[in-house]
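**Student:** Structure below; questions to follow.
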Amino acid sequence: MIESGTLFIVATPIGNLEDITHRALRILTEVDLIAAEDTRHSQRLLQHYDISTRLTSLHDHNESQRAKQLIEKLKLGENIALISDAGTPLISDPGYGLVSQCREAGVKVVPLPGPCAAITALCAAGLATDRFKFEGFLPVKAVAKQQALQRLLTETSTSVFYESPRRVADTVRQIVAELGEARQMVVAKELTKTFETFYSGNAQACLTWLEADANHQRGEFVLMIAGEKQDQTEVSDDALNLLKLLMKELPLKKAAAVTAEQYNLKKNHLYQLGLELKL
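Laid out in structure tokens, this is it:
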């Protein structure tokens, strides 16, 4: 028996419909109302499991107004489940406004754990998972995206992003430009679906793979970027000589990256050293 006046945050499958818990199915059956990001999309899931609970929409464009209406229902004792199109609500999906207002109004909020594309991708990527940052979607505008990526130059934990098919190649192209072609990363697409794919390599290899076939750019993506290596900062004479030589032919950023890769040194340390050499 569920307590009346409760908002349930219910994670739903990101692809494979079998990836839903028994508890989630029970709650979706027992609540009075399901608030869904796209009712037409969610109806397919409910029909698959023969769930006939009423649906209402809650998305980015109506959340402010709809949240007030749902809280009124909750205060009257109705139980409501919040779901998104796929995965865990609020994680780069609508719901923050509703949950925040429910907490302020004293409405009980109960989370049901389940699928999340970021965690699903990360656990199979082969990158470090002891520390990671989830950044959601990168900015759409080029300058803002560039600035966001530049902040990762010295980031030592794994960074996780979502990306759409129409922007994925451009985003990886900017990763190459800002973090260097040697930065290790993993491209994951179509998670839990028939054509689930993980491609691992340096940033340039990932870009080449994406551009090699238009099909490689289809689907929903999770991009995972390895953190900057915490390498030694002691620079040998050989490394210093290589840096000086490359600086004559290449931009400092590129010269530092090549030298760092060759001698297993910190790229940013070499970059600062190069700036001093120019003085």
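Take our numbering: the last position of the sequence shown gets the number 876, and nothing is skipped along the way. C-beta atoms are modelled at their ideal positions from N, C-alpha and C, and glycine is treated no differently. In this text, all values refer to a predicted model and were calculated from it rather than measured experimentally.
#1: Per DSSP, what kind of secondary structure is K672 in: helix, strand or coil?
#2: Within this structure, are the beta carbons of T858 and A779 separated by less than 8 angstroms?
#3: Can you tell me which of the three DSSP states K786 falls into?
#4: Which residue wins for smallest C-alpha separation from L843, given the options A852, L837, A836 and D835?
#5: Between R728 and the rest of its own chain, which residues show a CB-CB distance below 8 angstroms, the 5 nearest in sequence each way excluded?
#6: Rank V707, T636 and D629 by C-alpha distance to the C-alpha of I606 and give the top, closest one.
#7: One question on the structure: do P610 and A683 come within less than 8 angstroms of each other, judged by their Cβ atoms?
#8: Distance check for L788 and G612, CA to CA, integer angstroms please.
#9: With distances taken between CB atoms, is the gap from L807 to H813 smaller than 8 angstroms?
#10: Nearest to F734 by alpha carbon, out of P712, R764, I617 and T751?
#11: Determine the extent of the beta strand (DSSP E) in which L630 is found, giving its start and end residues.
**Tutor:** Taking the geometry as given:
#1: Position 75 of the sequence shown, counting from 1, holds the residue named residue 672. In this structure, K672 counts as helix in the three-state DSSP scheme.
#2: Here residue 858 is taken as the residue at index 261 of the sequence shown, counted from 1. Here residue 779 is taken as the residue at index 182 of the sequence shown, counted from 1. The sequence shown places Glu at residue 858, rather than the Thr named in the question. Cβ distance < 8 angstroms, so E858 and A779 count as in contact.
#3: As a working note, residue 786 is residue 189 in the sequence shown. Note: K786 maps to strand in three-state DSSP.
#4: Mapped onto the sequence shown, residue 843 falls at position 246. When only C-alpha atoms are compared, the closest one is A852.
#5: Here residue 728 refers to the residue found at position 131 when the sequence shown is read from its first residue. Answer for R728: T753, S754, T755 and G824, listed in chain order.
#6: By 1-based counting over the sequence shown, the position of residue 606 is 9. Among V707, T636 and D629, the Cα nearest to that of I606 belongs to V707.
#7: Within the sequence shown, the letter at position 13 stands for residue 610. Within the sequence shown, the letter at position 86 stands for residue 683. Yes. Within cutoff.
#8: By 1-based counting over the sequence shown, the position of residue 612 is 15. By 1-based counting over the sequence shown, the position of residue 788 is 191. Roughly 7 angstroms between the two C-alpha positions.
#9: In the sequence shown, the residue the question calls residue 807 occupies position 210. In the sequence shown, the residue the question calls residue 813 occupies position 216. In this structure, H813 lies closer than 8 angstroms to L807 by Cβ.
#10: As a working mapping, residue 734 is identified with position 137 in the sequence shown. Comparing Cα positions, the closest option is R764.
#11: Counting from one through the sequence shown, the residue named residue 630 turns up at place 33. L630 -> beta strand (DSSP E) spans L630 to A633.
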